[in-house]
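Participant: First the structure, then my questions, so here it is.
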Amino acid sequence: MSEKNNKSFLEKAADSQVWKSIFRGGGVPRNRRQRMMSVLNSVFLHLHPVRLPKHAVKLKFTWCMGGLSFFIFLILTISGILLMFYYRPTIEYAYTDIIDLAEQVPFGIMRELHRWGAHAMVITVWLHMFRVFMTGSYKPPREFNWAVGVVLLLLTLLLSFTGYLLPWDQLAIWAITVGGNMARATPFLGSEGPGAALLAIGDINFVTMGSDARFILIGGRFMGEAALLRFYVLHCIGLPFIIMIFMAVHFWRVRKDGGISTPV
Amino acid sequence: MPDGKSTVTKSPDPKSPAALGKTTKDVEGLNRRSFFSWLSFGWVGFVAATGGFFTMLLRFLFPNVLFEPVQTFRAGFPDDYIIGEVSTKWKDKYGVWIIRNDLGIYALSTVCTHLGCTPNWLSSSKKFKCPCHGSGFKATGINFEGPAPRPLERYRIVLADNGEIIVDKTQKYQQEKGQWSDPEAFLMV
C-alpha cells in the first residue's frame, strides 16, 4: 500500500488505461530503450531523431534555421486559417477585405504576422540552405534530402508568389501580370515560348493564348477573377498540402540519414 | 512438375499437357504463361485508367467558357478623333489607345512589350512611358528607349456599316512581322 502511495501523479496517470491507449507502450519511460521506444511509437515524434548528440544541436553550428523555418510555417498556417475567415477571393471584395482585416477585425496584426512571417520564412529557408551547404550536409548519404530541400525551397517561393496576388492591389496585379507573362515564354508550353510554333498542324496552333501554360495558371487569357481564385486555392490548399508531404519526408530523412549536422 | 529449364528451352516434355493433347486450361486453369498474359492486360488497363484520370484532371483546368470582358467594341465615329492626338478614352475599359494621324486611325495595345505593364501617354513629351521598367514608345508604337524589345501591338480596326469604328482585340498586328501594312491594321479615312 505504502509503495503505491509513493507513486507520483504522473506515474499513476501513466499507468492508467487512457494513457496506455493513447501512448503506445504506455508507462513512464525509465531507461534508454524505453525512451527510444516512446519516440518511435509516436507518429509525430518518429519523424524526429530518437537521440540527439549534444554537439549536433549547437546553435553556432546549426543556426536552428531548419527548425525556425518549420516554426514559422506553423505560425503561417495558423494565422492563414484565421485570415481565411474574413478574406473573400473576388475582385469586388479582395482588396477591401484586406483593409478590413487591418483596420476593423480584432488583432489587425494577424495579417501583418502572416505577411512578415512569409518574408521571414523565405529568409530562414535560404539561411538553412546556406548552412547545410557550408557544413557539407548535402553530401551522401544526405544527398536525396538536399534534393527534397530544393523542392521545399521551390514550394516556399511558390507559396510566397501565390500569396502576393491575394491583396489584389496594384503591386500584386502587376507582379502577377509579369509572372504570368514569363509563363507565356515557357519552351513548348507557352504560346510565345521557343518551340511552341512547332506544335501545330498547318495553320492550327495547339499552344495559343487560350491553351498555354499561362492560361492554365491564371484560368483565362487576361488577368482577372479566375486568376485570383486559382492563386487563392493554390495558396490555401494546393501548395500547403504538397509542402506538408515533402516536409514529412524531409524530417524523416534527417533522422534516417544520420541526424542533423553529425558527420556520417 | 516440369523443371524451369525445360520451359525455357521449350524441349518437348512427354508429360506436358500439350503432349497429352490437353489444353493448359483443362489442367491448371491458370499457368505461368497465361498468368503473365492476364497480368499484361491488367497493367495496360491500369495504365490506361491512370492516364485517363490525369488527362481528365488536366483537362478540367482548361475552362470551356471564359467570363472575360468582350474583345470587340465600337469606338465611335472617325470624326470623334482629332488628327495628331492620342485618345486615352478606351484605355481603362478596353486597354486600347486610338490614334489618328494625317492618313488615318489605328488602335494600339496598352500592353508593354517588355513584361506586360501599362505605359502612360505623356502628351508633353509625345511618348508612351512604361512605369514598370521605363520602356518608351513613340505615338506610332515604335519602341525607342528602355528594355522593350519590340513595338507595341496594333489591333484590327475596321468600319461598321453605319460608319462607326470597330476595334477587334482578338486580331493583333506586330510591326516586326511586317503586319502593320495589313489593310485592317490601319483605318484609312
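Chains A and B, in that order, are what the protein sequence lines are. Residues 89 to 352 (our numbering) make up the first sequence, in order. Residues 270 to 458 (our numbering) make up the second sequence, in order. In this text, a Cβ means the ideal position worked out from N, Cα and C, and glycines have one as well.
#1: Near TYR226 of chain A, which residues of its chain fall below 7 Å by C-beta distance, leaving aside the five closest residues on each side in sequence?
#2: Using DSSP with H/G/I as helix, E/B as strand and the rest coil, what is ILE374 of chain B?
#3: Taking contact to mean 3 or more Cβ pairs, one atom from each stretch, closer than 8 Å, check whether the region 416-428 of chain B and the region 372-382 of chain B are in contact.
#4: Determine, using beta carbons only, whether GLY308 of chain A and LEU335 of chain B come nearer to each other than 7 Å.
#5: Where does THR293 of chain B fall in DSSP's three states?
#6: Would you say TYR183 of chain A and ASP103 of chain A are within 7 Å of each other, going by their C-beta atoms?
#7: Against chain A, which members of the region 331-349 of chain B pass a CB distance test of less than 8 Å?
#8: Which residues in the same chain have their Cβ closer than 7 Å to the Cβ of MET270 of chain B, if we skip the five residues on either side of it in sequence?
#9: Give every residue of the same chain whose Cβ lies closer than 6 Å to the Cβ of PRO275 of chain A, excluding the five residues on either side of it in the sequence, and list them in chain order.
#10: Tell me, please, whether the CB atom of TRP256 of chain A is closer than 7 Å to any CB atom in chain B?
#11: Please confirm whether LEU247 of chain A and LEU327 of chain A have their CB atoms less than 7 Å apart.
#12: Determine which residues share a DSSP beta bridge with TRP366 of chain B and list them.
#13: Please report the straight-line C-alpha distance between MET89 of chain A and LYS95 of chain A, rounded to a whole angstrom.
#14: Can you check whether the CB of THR379 of chain B is closer than 7 Å to the CB of GLY403 of chain B?
#15: Leaving out the 5 sequence neighbours to the left and right, which residues in its chain are closer than 6 Å to GLY405 of chain B when beta-carbon positions are compared?
#16: Out of B:TRP359, B:ALA317, B:TRP307 and B:GLY385, point me to the one whose CA is closest to ILE434 of chain B's CA.
#17: Is there at least one Cβ from chain B nearer than 7 Å to VAL266 of chain A's Cβ?
#18: Would you mind sorting HIS143 of chain A into buried or exposed? The rule is 16 or more other CB atoms within 10 Å of its CB.
#19: At 8 Å on the CB atoms, spell out the chain A contacts of CYS386 of chain B, in chain order.
#20: Would THR265 of chain A be called buried (16 or more neighbouring beta carbons within 10 Å of its own) or exposed?
#21: Is the separation between the beta-carbon of ASP430 of chain B and that of TYR442 of chain B shorter than 7 Å?
#22: Would you kindly work out how many angstroms separate the C-alpha atoms of VAL316 of chain B and LYS146 of chain A, rounded to a whole number?
#23: Taking C-beta pairs closer than 8 Å, name the residues in chain B that ARG309 of chain A reaches, listed in chain order.
#24: Please confirm whether ASN293 of chain A has its beta-carbon closer than 7 Å to some beta-carbon of chain B.
#25: Would the C-beta of VAL334 of chain B count as close to the ligand MN, meaning under 6 Å from any of its heavy atoms?
#26: Could you name the residues of chain A that CYS401 of chain B contacts, counting a contact when the two beta carbons are closer than 7 Å?
#27: Please look up how many angstroms separate the CB atoms of MET153 of chain A and THR212 of chain A, rounded, as I've assumed it's under 8 Å.
#28: Taking only beta-carbon atoms, is ILE325 of chain A less than 7 Å away from chain B?
#29: Rounded to whole angstroms, what is the Cα-Cα separation between ALA271 of chain A and LEU259 of chain A?
#30: Could you tell me the distance, in whole angstroms, from the CA atom of ILE348 of chain A to the CA atom of MET209 of chain A?
#31: Would you report the Cα separation of PHE159 of chain A and ALA206 of chain A, rounded to the nearest angstrom?
#32: Can the beta-carbon of PHE346 of chain B be found closer than 7 Å to that of GLY432 of chain B?
#33: Check this for me: beta carbons of GLU337 of chain B and PHE310 of chain A, under 7 Å apart or not?
#34: Who are MET457 of chain B's beta bridge partners in DSSP?
#35: Thinking C-beta only, is VAL355 of chain B closer than 7 Å to ALA417 of chain B?
#36: Between the alpha carbons of MET335 of chain A and LEU240 of chain A, how many angstroms are there, rounded?
Facilitator: So, from the data block:
#1: Within the first sequence, the letter at position 138 stands for residue 226 of chain A. Excluding residues up to 5 positions away in sequence, VAL220 and TRP234 lie with their Cβ nearer than 7 Å to the Cβ of TYR226 of chain A in the same chain.
#2: Locating residue 374 of chain B in the second sequence gives position 105, where the first residue counts as 1. In the structure shown, ILE374 of chain B sits in a strand (DSSP, three-state: E or B).
#3: Touching, per the Cβ criterion.
#4: Counting from 1 along the first sequence, the entry for residue 308 of chain A is found at position 220. Counting from 1 along the second sequence, the entry for residue 335 of chain B is found at position 66. Yes.
#5: As a position in the second sequence, residue 293 of chain B is number 24, starting the count at 1. With a pLDDT of 49 at THR293 of chain B, under the threshold of 50, the predicted position of this residue should be treated as unreliable, though the coordinate-derived value follows. In the three-state reduction of the DSSP assignment, THR293 of chain B falls in the helix class.
#6: Indexing the first sequence from 1 puts residue 183 of chain A at position 95. Indexing the first sequence from 1 puts residue 103 of chain A at position 15. In this structure, ASP103 of chain A does not lie closer than 7 Å to TYR183 of chain A by Cβ.
#7: From the region 331-349 of chain B, only PHE331, PRO332, LEU335, PHE336, GLU337 and PRO338 have a Cβ closer than 8 Å to chain A.
#8: The residue given as residue 270 of chain B occupies position 1 in the second sequence. With a pLDDT of 43 at MET270 of chain B, under the threshold of 50, the modelled position of this residue cannot be trusted, and the question is left open.
#9: Taking the first residue of the first sequence as 1, we reach residue 275 of chain A at position 187. Cβ within range, chain order: GLY281, PRO282 and GLY283.
#10: Your numbering for residue 256 of chain A matches position 168 in the first sequence. No Cβ of chain B is located within less than 7 Å of the beta carbon of TRP256 of chain A.
#11: By one-based count along the first sequence, residue 247 of chain A stands at place 159. By one-based count along the first sequence, residue 327 of chain A stands at place 239. Their beta carbons are under 7 Å apart, which means LEU247 of chain A touches LEU327 of chain A by this criterion.
#12: Within the second sequence, the letter at position 97 stands for residue 366 of chain B. DSSP output for TRP366 of chain B lists B:LEU377 as bridge partner(s).
#13: Your numbering for residue 89 of chain A matches position 1 in the first sequence. Your numbering for residue 95 of chain A matches position 7 in the first sequence. Below a pLDDT of 50, predicted positions are generally treated as unreliable, and MET89 of chain A, at 46, falls in that range; no measurement from the model is reported.
#14: Here residue 403 of chain B refers to the residue found at position 134 when the second sequence is read from its first residue. Here residue 379 of chain B refers to the residue found at position 110 when the second sequence is read from its first residue. With respect to the 7 Å criterion, GLY403 of chain B and THR379 of chain B are not classified as neighbours on the basis of their beta carbons.
#15: As a working note, residue 405 of chain B is residue 136 in the second sequence. LYS396, LYS398, PHE413, GLU414 and GLY415, listed in sequence order.
#16: To locate residue 434 of chain B, count along the second sequence from 1; it is residue 165. The candidate whose alpha carbon is nearest that of ILE434 of chain B is B:TRP359.
#17: Looking up residue 266 of chain A in the first sequence gives position 178. Closer than 7 Å to some Cβ of chain B, the Cβ of VAL266 of chain A qualifies, so yes.
#18: Looking up residue 143 of chain A in the first sequence gives position 55. Exposed is the call here.
#19: The residue you call residue 386 of chain B lines up with position 117 of the second sequence. Taking the beta carbon of CYS386 of chain B as reference, the chain A residues within 8 Å of it are TRP262, THR265 and VAL266, listed in sequence order.
#20: If you number the first sequence from 1, residue 265 of chain A lands on position 177. Looking at its Cβ environment, which holds 16 or more other Cβ atoms inside 10 Å, THR265 of chain A is buried.
#21: Here residue 430 of chain B is taken as the residue at index 161 of the second sequence, counted from 1. Here residue 442 of chain B is taken as the residue at index 173 of the second sequence, counted from 1. No; because the gap between Cβ atoms is not below 7 Å, this pair is not in contact.
#22: Indexing the second sequence from 1 puts residue 316 of chain B at position 47. Indexing the first sequence from 1 puts residue 146 of chain A at position 58. Rounded to the nearest angstrom, the gap between the Cα atoms of VAL316 of chain B and LYS146 of chain A is 50 Å.
#23: For the purposes of this step, residue 309 of chain A is taken as residue 221 along the first sequence, with counting starting at 1. Neighbours of ARG309 of chain A on chain B, chain order: LEU335 and GLU337.
#24: Mapped onto the first sequence, residue 293 of chain A falls at position 205. Taking Cβ atoms only, chain B never reaches closer than 7 Å to ASN293 of chain A, which makes this a no.
#25: Absence of the ligand MN is noted for the structure shown, with no ligands found whatsoever.
#26: In the second sequence, residue 401 of chain B corresponds to position 132, counting from 1. For the C-beta of CYS401 of chain B, the chain A residues within less than 7 Å are, from N- to C-terminus, TRP262.
#27: The residue labelled residue 153 of chain A in the question sits at position 65 within the first sequence. The residue labelled residue 212 of chain A in the question sits at position 124 within the first sequence. Right, the Cβ-Cβ distance comes to about 5 Å (below 8 Å), so this counts as a contact.
#28: Here residue 325 of chain A corresponds to residue number 237 of the first sequence, with the count starting at 1. In terms of beta-carbon proximity, ILE325 of chain A stays away from the interface with chain B, with every pair separated by 7 Å or more.
#29: On the first sequence, residue 271 of chain A is found 183 positions in, with the first residue counted as 1. On the first sequence, residue 259 of chain A is found 171 positions in, with the first residue counted as 1. Between ALA271 of chain A and LEU259 of chain A, the C-alpha separation is close to 19 Å.
#30: Mapped onto the first sequence, residue 348 of chain A falls at position 260. Mapped onto the first sequence, residue 209 of chain A falls at position 121. Going from the Cα of ILE348 of chain A to the Cα of MET209 of chain A covers about 20 Å.
#31: Taking the first sequence and counting its residues from 1, the one referred to as residue 159 of chain A is at position 71. Taking the first sequence and counting its residues from 1, the one referred to as residue 206 of chain A is at position 118. Cα to Cα, PHE159 of chain A sits roughly 12 Å from ALA206 of chain A.
#32: Residue 346 of chain B sits at position 77 when you count from the first residue of the second sequence. Residue 432 of chain B sits at position 163 when you count from the first residue of the second sequence. Their beta carbons are under 7 Å apart, which means PHE346 of chain B touches GLY432 of chain B by this criterion.
#33: Taking the second sequence and counting its residues from 1, one reaches residue 337 of chain B at position 68. Taking the first sequence and counting its residues from 1, one reaches residue 310 of chain A at position 222. Yes, the pair counts as a contact, with Cβ atoms nearer than the cut-off.
#34: If you number the second sequence from 1, residue 457 of chain B lands on position 188. Residue pairing for MET457 of chain B: DSSP places it in a beta bridge opposite B:GLY373.
#35: The residue given as residue 417 of chain B occupies position 148 in the second sequence. The residue given as residue 355 of chain B occupies position 86 in the second sequence. Not a contact, by the Cβ cut-off of 7 Å.
#36: Residue 335 of chain A sits at position 247 when you count from the first residue of the first sequence. Residue 240 of chain A sits at position 152 when you count from the first residue of the first sequence. When rounded, the distance between both Cα atoms is 7 Å.
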